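Visitor: What follows is a single structure, and I will ask about it in a moment.
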Amino acid sequence: MQNKNWKNDFPDVPEHVHQALISTLAELDERKVKKVKRMKKGKIIFLIAATVAVLGTTVSAAEIFKWNKRAAEVFMADEEQQKALVTEQIVQDTHQTVSDAGLTIRAIQTIQDNNCFYALFEITAEDESVQITSDYDMSFQMDYQGGESPFGMFGCGFVEAGGQAVSNSRYYEMIGNKMKEGTEDLNMTIQFTSLDAPGEKAMKGEPVLEGNWEFTLNLHATDPVRYEINREYQIAGCAVMVKEVEFTPISVKLVCDEQGAKELEKIEGVNLDQADSLHSLFINGIKYQDGTVVEEEGFQELWVSCGNGDYAKTARLSEVIEPEKVSALLVGDNGDEINIP
């Protein structure tokens, strides 16, 4: 795994609400294939009341929970999209705070789908003379409850200079790119062990404060919207067979025929075997059914693979999208369209 280091308090979103709703719907589904038993009137009223309470609490959770401003800068979304991602549990308020050795760490918000992971923390020193800049760092360990790390690349660091005023408190971010699409929930423990002063060049600095700050994150996987394309498109003047496209609100996956990708490789003069990128397949926009185009930063690739007949890539979207409304994927500098059926 490659690691790269780069340089208030919200109401809780109760997880049990979502689980209760799922369980209730599952029981109703199961009841369709079982012999129906007559229920007493009082029990029926109680079931209806419980279901309404669950639904009402879920809606109110989405209404009450507000995204942190910093997270909203990383994943740009309008108010309705923010509420939708909370309801779908792509975005969660972790609502955990741990204090030790004169340092308080607050886990603020997580954002995750089947391709990428983002976590936002706030680090605050009790001693106001400790001025935390973007060059400071945190030492920590991560455990995946007995499993292996799902990340092919993992980055972490304090918010860059200019992104936040220097003080005794600063946001700390983690971003992980998954090696493979995750279809299961991600359970992980993060144990911070020290706040570290700036080091020389690439060297880690000396600890300023040492202690134990432990957080447990339970993150839900997301079912993508998948489209089988199996159609040839002209991309950068080259015929490329597009096999599949899939979307979540925050990422996209594109699968093309390997032969077409190799032709683009020749045209661009790059080497896919050396992990070079194909600029003509950068995802630069999402087109909606009403003609609206959401521009994207095409270089935000999470992973790329080429072999066994396929060229596949995933990219994190700079703006949250609505997958069901997408009519085309725009790739390359010319905005070549890959139509979605």
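Counting from 1 along the sequence shown, just add 422 to a position and that's the residue number in the numbering used here. Cβ coordinates follow ideal geometry from the N, Cα and C atoms, glycine included. No experiment lies behind these values; they were computed from the predicted model shown.
Measure the CB-CB distance between L686 and T532 and report whether it falls below 8 Å.
Guide: no
Visitor: Thinking Y733 and C678 are a contact (beta carbons under 8 Å), I'd like their distance in whole angstroms, please.
Guide: The Cβ separation is near 5 Å, so the contact holds.
Visitor: Under 8 Å: do the stretch 611–623 and the stretch 580–589 share three or more Cβ pairs, one atom per stretch?
Guide: When Cβ pairs closer than 8 Å are counted between the two stretches, the stretch 611–623 is seen not to touch the stretch 580–589, the count staying below three.
Visitor: Just mark N706 as buried or exposed, buried being the case when its beta carbon has 16 or more other beta carbons within 10 Å.
Guide: Answer is buried; the Cβ neighbour count reaches 16.
Visitor: For F573 and K600, which I take to be in contact (beta-carbon distance under 8 Å), what is that distance rounded to the nearest angstrom?
Guide: 6 Å
Visitor: Can you tell which of V581, A547, L608, Y540 has its C-alpha closest to the C-alpha of S571?
Guide: L608
Visitor: Measuring alpha carbon to alpha carbon, tell me which residue in W725, I762, L739 is nearest A494.
Guide: L739
Visitor: Please classify P745: does DSSP put it in a helix, a strand, or coil?
Guide: helix
Visitor: Could you compute how far the alpha carbon of V513 sits from the alpha carbon of W489?
Guide: 8 Å
Visitor: Assuming C538 contacts L676 under a Cβ cut-off of 8 Å, what Cβ separation, rounded to an integer in Å, is found between them?
Guide: Not a contact, Cβ separation roughly 15 Å.
Visitor: Given a cut-off of 8 Å on the beta-carbon distance, is the pair T526 and T546 in contact?
Guide: Taking a C-beta distance under 8 Å as the contact criterion, T526 and T546 qualify as a contact pair.
Visitor: Whose C-alpha, out of V715, E744, I743, is nearest the C-alpha of D758?
Guide: Nearest option by C-alpha distance: V715.
Visitor: Rounding to the nearest angstrom, what Cα-Cα distance links L752 and K626 in this structure?
Guide: For L752 and K626, the distance between alpha carbons rounds to 41 Å.
Visitor: Tell me whether I651 is buried or exposed, calling it buried when 16 or more other Cβ atoms sit within 10 Å of its Cβ.
Guide: Buried is the call here.
Visitor: Please state the DSSP three-state secondary structure of K675.
Guide: strand
Visitor: Between the C-alpha atoms of L507 and N693, what's the straight-line distance to the nearest angstrom?
Guide: 38 Å
Visitor: Measure the alpha-carbon distance for G478 versus T509 and round it to whole angstroms.
Guide: With a pLDDT of only 46 at G478, under the threshold of 50, the placement of this residue in the model should not be trusted; the figure read from the coordinates follows. G478 and T509: Cα-Cα distance of roughly 12 Å.
Visitor: Find out if the Cβ-Cβ distance for the pair V748, F669 is shorter than 8 Å.
Guide: yes
Visitor: Determine the direct distance from the alpha carbon of V581 to that of Y593, and round the result to whole angstroms.
Guide: 6 Å
Visitor: Would you mind giving the Cβ-Cβ distance between A499 and V742, rounded to the nearest angstrom? I have them listed as a contact below 8 Å.
Guide: 4 Å
Visitor: Out of K505, M575, A523, point me to the one whose CA is closest to G633's CA.
Guide: Ranking K505, M575, A523 by Cα distance to G633 puts A523 first.
Visitor: Measure from the alpha carbon of L641 to the alpha carbon of each residue in A683, T611, A750, then state which is nearest.
Guide: T611
Visitor: Tell me whether N536 is buried or exposed, calling it buried when 16 or more other Cβ atoms sit within 10 Å of its Cβ.
Guide: buried
Visitor: Look up E759 in the DSSP assignment and say whether it is helix, strand or coil.
Guide: strand
Visitor: For a test of the three-state rule: what should DSSP assign to E723, helix, strand or coil?
Guide: strand
Visitor: According to DSSP, simplified to helix, strand and coil, what is L447?
Guide: Bear in mind that the predicted position of L447 carries a pLDDT of just 36, short of 50, making it unreliable; the figure below should be weighed with that in mind. Helix.
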